[in-house]
Amino acid sequence: MLVYIARRFLQAIPVVIGVTFLIFLLMFILPGDPARMLVQKGASPEVLQRVREAYGLDKPWYVQYGKYMWKLLHGDFGTSIRYRRPVIDMMKDHYPNSVRLALVALMIEAVLGVAAGIISAVKRYSFLDVLVTLSTTILVAMPIFWFAMLLQVFFGLKLGVLPISGMGNGSWRYYVLPAIALASVHTAFVARLTRSSMLEVIRQDYIRTARAKGLSEWRVILKHALKNALIPVVTILGLDFGGLIGSAILTETVFSWPGVGRVIYLAILQRDPPVVVGGVLILVLVFIFLNLVVDISYTYLDPRIRYGARK
Amino acid sequence: MSNAKRIPVFPERVSVWRDLWRGLRRNKLAMFGLGVIVFLVLVAIFAPLIASYDEAVGFYPDEILKPPSFEHLMGTDDLGRDVFARVVWGSRVSVEVGVVAVGIGIVIGLFMGAISGYRGGVADSLIMRTADIFFAFPYLLGAIAIMTILGPGIINVFIAIGILEWAYFARLFRGCILSVKENDYVEAARAIGAGDVRILLHHIFPNAIAPVIVYAAMSVGIAIITEAALSFLGIGVQPPQPSWGSMLADSRPFMATAPWMMYFPGLTILMTVLGFVLVADGLRNVLDPRLRGLL
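Residue numbers (numbering that gives the first Met the number 0), protein chains in the order written: chain A, 0 to 310; chain B, 0 to 294.
Have a look at this one:
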């Protein structure tokens, strides 16, 4: 088990290096001179040159990349050219907002998605099953930003029951619409996956055994079938958390949610490479880390993997 | 498995396309999806016959923010442009992105996947580890990063989505090749002296391509939604070219006063993507036993 965990950690390292390099390379070939944005218009070439030297922008790319990596290893994710603030601080300010929103969305996904999937599988071909299948198919095809706007129009403007912008005083009311919008597509995936996974598990011999020994139907479903059916669902939920923060850019844009997706989006528009690199990098690191957590929680849920790793 | 089982009783050449079509025809939802796709493509091709381009891109001070009517089926926007005409002309962007962007992803992906799966070894590790880096990026985040570097415009949307898509096709195709190349008929082809290219193109490719077709249907939907998202954020297709995503962005200030500006483009995106999702679902059902775990 420990060997397995260690191996997964080691496998993540080249991905992390590749990701930092790719992002760095992309930002390095960005058109436009970042030094120009640091100074007032009409600055003399000498001033520009001094600024480049001060920020190390005159060095070749591999020197800049090496320096960047060195700093990363010391927890320094760069400094915003525009705001002259450490990226890590800008991210720290906004990250909790995104994480909170993503957690609420994840909860909606897990509860609603799994519940819908179970009902759909257990009552196969019933009205409810058709309803779930139909609505999840539509949600999968839904442009999330349009769905977010529809929520704004109906619940915010028409009914006037929920706020549609920002997070105000942080009350739960501000979370409802953005979280639903953010969760929508993924909830549909979770429901579909739970359904197909349940249908598969229900056919297994141990379910017949559980029924044969006289357990109640709900006990069979919730205790014996669900735990096994949830293995792929846990994977998706874990992967989703990283994906949620990534796709939060659209939701955060529509709802003016002060999260990290919005910071990155604004930074890209303002040509503030360190913020984009630092921000995307943190998101990707979270994503990779969550993959590890998911893989490891696999071994808890499915002992077969544990035994397989020991061989 | 005994070898006798593998010898076909009626050696008939069955194309993968006909196989898929036979299965698909029985699925009503998938046929509906296919109908939507065909309709979309026809609208894109015959856009000039359906709606005037001038009404889609001009400025008509007398026609500003008119609700839907017989004259303007979907109303007009804040510049007096006909929303219906813009939706019709916007279909061209979506069809182009679907075909070209995913096409780029498929070409690069199949090439890399073929090398990776068929050659194995160092090339395989190198390609798959590179693909891992692309998988580590949340899709839209990657697209935004690439678009900012390349600058806005439809050509760059093709490139951005193509770059992101290749890794998915490569991994999928590699997996298919790995399972197909173990078959006896591949060994047989080699035994009678067929070269690598011939084996790949004539023996492996036709048997490994089906899952790629399913994923392609799905990824055209993803590409169309991604283009809409990029244009919505202002870094995709640029005005005056109408795109469904930028129409939605334009509609935001008028959500309360002119909601038809957002209803129709959004509904169009939904229906289009739904078409591809339904077809992909239908195709997947046809291939299900072979596909479980791959898609």
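Beta carbons: idealized from backbone N, C-alpha and C, even for Gly.
Query raised in the report: Counting pairs of beta carbons, one from the segment 24–34 of chain B and one from the segment 66–86 of chain B, are three or more of them closer than 8 Å?
Result: In this structure the segment 24–34 of chain B does not touch the segment 66–86 of chain B; the number of beta carbon pairs closer than 8 Å is below three.
Query raised in the report: Which ranges would you report for the alpha helix (DSSP H) in the segment 97–180 of chain B if only whole runs of at least 4 residues count?
Result: Within the segment 97–180 of chain B, the complete alpha helix (DSSP H) runs of at least 4 residues are 101–118, 120–134, 138–149 and 153–179.
**Report entry** Among B/Met127, B/Val94 and B/Val96, the one whose alpha carbon lies nearest that of B/Phe110
**Finding:** With respect to the C-alpha of B/Phe110, the residue from B/Met127, B/Val94 and B/Val96 having the closest C-alpha is B/Met127.
Query raised in the report: Roughly how far, in whole angstroms, is the beta-carbon of B/Ile212 from the beta-carbon of B/Leu78, given that I think they are within contact range, below 8 Å?
Result: Contact flag wrong, Cβ pair sits at about 41 Å.
Query raised in the report: Using 8 Å as the limit for Cβ to Cβ distance, is B/Val261 near chain A?
Result: The sequence shown places Met at residue 261 of chain B, not Val. Yes, B/Met261 lies at the interface with chain A (some Cβ there is under 8 Å from its Cβ).
**Report entry** Beta-carbon neighbours of B/Arg128, restricted to chain A and to distances below 8 Å
**Finding:** The contacting residues are Pro13, Val14 and Gly17.
Query - Per-residue burial, B/Lys191 [other beta carbons within 10 Å of its own, 16 or more giving buried] - result: Here residue 191 of chain B is Ile; the residue named in the question, Lys, does not match the sequence. B/Ile191 is classed as exposed because its beta carbon has fewer than 16 other beta carbons within 10 Å across all chains shown.
**Report entry** Pairwise C-alpha distance: A/Val219 and B/Ala100
**Finding:** Each residue's Cα considered, the two are about 47 Å apart.
Query raised in the report: Which same chain residues, not among the five before or five after B/Ser115, have their C-beta less than 7 Å away from its C-beta?
Result: Taken in chain order, the residues that qualify are Ala122, Asp123, Ile126, Met127, Ala169 and Arg173.
**Report entry** CA-to-CA distance, A/Ile87 to A/Leu71, given in whole angstroms
**Finding:** Straight-line Cα distance between these residues: approximately 10 Å.
Query raised in the report: Buried or exposed: where does A/Ala180 fall if 16 or more other Cβ atoms within 10 Å of its Cβ makes it buried?
Result: Buried, because 16 or more other Cβ atoms sit within 10 Å of the Cβ of A/Ala180.
Query raised in the report: When you check each C-beta in the segment 120–147 of chain B against every C-beta of chain A, which residues fall closer than 9 Å?
Result: Within the segment 120–147 of chain B, the residues whose Cβ lies closer than 9 Å to some Cβ of chain A are Arg128, Thr129, Asp131, Ile132, Phe133, Phe134, Ala135, Phe136, Pro137, Tyr138, Leu139, Leu140, Gly141, Ile143, Ala144, Ile145, Met146 and Thr147, listed in chain order.
Requested in this report: Taking B/Ser93 and B/Glu226 to be in contact with their CB atoms under 8 Å, please state how far apart those CB atoms are, rounded to whole angstroms.
Outcome: About 7 Å separates the beta carbon of B/Ser93 from that of B/Glu226, a gap short enough to meet the 8 Å contact definition.
Query raised in the report: Roughly how far, in whole angstroms, is the beta-carbon of A/Ala187 from the beta-carbon of A/Leu138, given that I think they are within contact range, below 8 Å?
Result: Between A/Leu138 and A/Ala187 the Cβ distance is about 4 Å, and since that is below 8 Å, they are a contact.
Query raised in the report: Looking at the unbroken alpha helix (DSSP H) that takes in A/Glu199, where does it start and where does it end?
Result: Segment Trp171 to Ile201, the alpha helix (DSSP H) holding A/Glu199.
Query raised in the report: Name the DSSP beta bridge partners of A/Pro85, please?
Result: A/Pro85 is bridged by DSSP to A/Thr78.
Report task. Take B/Gly112 and list the residues in its own chain whose beta-carbon comes closer than 6 Å to its own, dropping the five residues that flank it on each side. Result -> Cβ within range, chain order: Ala169, Phe172 and Arg173.
**Report entry** Test: A/Pro257 CB closer than 8 Å to a CB of chain E
**Finding:** In summary, chain E is missing from the structure at hand, where the protein chains are A and B.
Query raised in the report: Is B/Ala159 closer than 8 Å to B/Leu149 when the C-beta atoms are compared?
Result: When the beta-carbon positions are compared, B/Leu149 and B/Ala159 come within less than 8 Å of each other.
Query raised in the report: Should A/Met148 be labelled buried (16 or more other beta-carbon atoms within 10 Å of its own) or exposed?
Result: Burial call: buried.
Report task. Just mark A/Leu133 as buried or exposed, buried being the case when its beta carbon has 16 or more other beta carbons within 10 Å. Result -> With fewer than 16 other Cβ atoms within 10 Å, it is exposed.
**Report entry** Contact set for A/Ser164: own chain, Cβ-Cβ below 7 Å, skip 5 residues either direction
**Finding:** The beta carbon of A/Ser164 lies closer than 7 Å to those of Phe254 and Ser255 in the same chain, with the five residues before and after it left out.
Query raised in the report: When DSSP labels each residue in this structure, what does B/Thr256 get in the three-state scheme?
Result: B/Thr256 falls in the coil class under three-state DSSP.
Query raised in the report: For B/Gly97, which residues of its own chain have a beta-carbon under 7 Å away from its beta-carbon, when the five flanking residues on both sides are left out?
Result: If the five residues before and after B/Gly97 are omitted, its C-beta is found closer than 7 Å to the C-beta atoms of Val219, Ala222 and Ile223, all from its own chain and listed in chain order.
Query raised in the report: In whole angstroms, what is the alpha-carbon distance linking A/Leu91 and B/Ala279?
Result: For the sequence presented, residue 91 of chain A should be read as Lys rather than Leu. Their Cα atoms are separated by approximately 41 Å.
Query raised in the report: Whose CA, out of B/Ile176, B/Tyr184 and B/Ala248, lies closest to the CA of B/Gly119?
Result: Measuring from the Cα of B/Gly119, the nearest candidate turns out to be B/Ile176.
Query - Meets three-Cβ-pair contact criterion under 8 Å: the segment 73–87 of chain A and the segment 142–159 of chain A - result: No, the segment 73–87 of chain A is not in contact with the segment 142–159 of chain A.
Query raised in the report: Can you tell which of B/Met260, B/Glu62, B/Asp53 and B/Arg25 has its C-alpha closest to the C-alpha of A/Val152?
Result: Cα-wise, what sits closest to A/Val152 is B/Met260.
Query - Option nearest A/Val259 by Cα separation, candidates A/Arg81, A/Pro273, A/Phe240 and A/Val279 - result: Comparing Cα-Cα distances from A/Val259 to each of A/Arg81, A/Pro273, A/Phe240 and A/Val279, the minimum goes to A/Val279.
Query - Boundaries (first-last residue) of the alpha helix (DSSP H) holding A/Thr313 - result: Because chain A spans 0 through 310 in this model, residue 313 of chain A falls outside it and cannot be assessed.
Query raised in the report: Which of helix, strand or coil does DSSP assign to A/Asp57?
Result: A/Asp57: coil per DSSP, three-state reduction.
Requested in this report: Using a Cβ cut-off of 8 Å (strictly closer), state whether B/Gly231 contacts chain A.
Outcome: First, the residue type needs correcting, since residue 231 of chain B is Phe and not Gly in the sequence shown. B/Phe231 counts as touching chain A.
Query raised in the report: Can you tell me whether DSSP reads B/Asp249 as helix, strand or coil?
Result: Reduced to three states, the DSSP call for B/Asp249 is helix.
Query raised in the report: Taking Cβ-Cβ distances below 9 Å as the criterion, which residues of the segment 126–154 of chain A are in contact with chain B?
Result: Listed in sequence order: Thr136, Ile137, Val139, Ala140, Met141, Pro142, Ile143, Phe144, Trp145, Phe146, Met148, Leu149, Gln151 and Val152.
Query raised in the report: Can you name, in chain order, every residue of its own chain whose Cβ lies under 8 Å from the Cβ of A/Glu108, other than the five neighbours on each side?
Result: Excluding its 5 nearest sequence neighbours in each direction, A/Glu108 has C-beta neighbours in its own chain below 8 Å: Ala182, His185, Thr186, Val189, Leu236 and Asp239, listed in chain order.
**Report entry** Interface residues of chain B facing A/Tyr264 [CB-CB closer than 8 Å]
**Finding:** Result: Ile143 and Leu232.
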